[in-house]
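For the sequence shown, the positions run 184 to 458 when this note's numbering is used.
Note that CB positions come from ideal geometry on N, CA and C, so glycine has one too.
On a predicted model such as this, the values are computed, not experimentally measured, just so you know.
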Amino acid sequence: MENRYSVHPEQVKRFTTEELRSHFLMDPLFTENKLTMYYSHEDRVVIGGAAPGQSELKLDAGDFLKTDFFLERREIGIINVGQPGAVRVGDDEYVLQTKDFLYIGMGNQDVSFSSLNGEKAKFYFVSACAHKSYPTQKAALAELTPDRLGDDAASNIRSLYKVIHQDGIKSCQLMMGITMLDQNNNWNTMPAHVHDRRMEAYLYLDLEKDSKVFHFMGQPDETRHLVVGNEQAVLSPAWSIHSGAGTSNYSFVWAMAGENYTFTDMDLVPMDGLK
């Protein structure tokens, strides 16, 4: 588990490219036969990846969380971004195809990840603190109906899948879903917004080797950028915009946690407010 401490926006103004990447880019996430985790002090979220090989990987933070087991006082949202795999929760097994989601509530002690039939599953997860236990629930992407957003003129036609949220799979504070851009579209979350009451994390997906996303971050009048590749994640503090433009279309998994539980709680930034 790697610690990621909170950083004041006044300090970020003076960061070099390397400093920006060391604080806000989470890479690597998927190393075969390994569980990789980042502990963010932004709303105490844990962001990680599991890439099981021939043997399963147990969700375990060792002594880092100072609890008897990982989900003792936490909840977790999981998406499989690789080939078919399974998540075992106690005596129950949940098979996840590519881009299927699973929510696991507080108090589940034994959780493990595995690949199926020699495939290479990749599980991305975000965990937040919890105060009560909600039921474990799977959501298959093929069974979800997205919101269709954007237009040709703005180059941002996309499908927004809200999965873990107030009107979907219930949780304490975690919200999670995926946005998939249509071909020949490259902008996400522009016009930009911030939500000072919660943090957010993006995992960028479906990018070819030579394709990149220019992820924009920072206070609206002090923007910076990170060049991000496939299966790399970005941490977005509450004070930062989180937007991107790709050299091709792409998908991104978004997850939020913090003060409230309302998806639409955001402070829009007018275009002439960006610098």
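What do you get for residue i, buried or exposed, if any count of 16 or more other CB atoms within 10 angstroms of its CB means buried?
i: residue 456; result: exposed
i: residue 263; result: buried
i: residue 221; result: buried
i: residue 235; result: buried
i: residue 392; result: exposed
i: residue 384; result: buried
i: residue 333; result: buried
i: residue 188; result: exposed
i: residue 258; result: buried
i: residue 414; result: buried
What three-state label does DSSP hand residue i in the structure shown?
i: residue 402; result: strand
i: residue 206; result: helix
i: residue 397; result: strand
i: residue 391; result: coil
i: residue 415; result: strand
i: residue 194; result: helix
Within a Cβ cutoff of 8 Å, which residues of the same chain sit near residue i, ignoring the five residues on either side of it in sequence?
i: residue 366; result: 432
i: residue 239; result: 271, 295, 296, 297
i: residue 149; result: With the chain running from 184 to 458 in the structure shown, residue 149 is simply not present.
For residue i, I'd like the list of residues in its chain whose CB is within less than 6 Å of its CB, leaving aside the five on either flank, ordered along the chain.
i: residue 321; result: 277, 285
i: residue 190; result: 206
Among the residues of its own chain, which have a CB less than 7 Å from the CB of residue i, if the five just before and after it don't count?
i: residue 442; result: 380, 381
i: residue 256; result: 250, 289, 312, 313
i: residue 351; result: 345
Is the shortest distance between the beta-carbon of residue i and the beta-carbons of chain D less than 8 Å?
i: residue 184; result: Annotation note: the requested chain D is absent from the structure, which comprises a single protein chain.
Tell me where the alpha helix (DSSP H) around residue i begins and ends.
i: residue 239; result: Element bounds for residue 239: n/a, residue is neither H nor E.
Quiz item: Just checking, does the stretch 336-348 make contact with the stretch 409-426 on the three C-beta pairs under 8 Å criterion?
Solution: Counting Cβ pairs under 8 Å, fewer than three are found: no touch.
Quiz item: Does the stretch 305-321 come within contact of the stretch 213-229, defined as at least 3 CB pairs closer than 8 Å?
Solution: The stretch 305-321 is in contact with the stretch 213-229.
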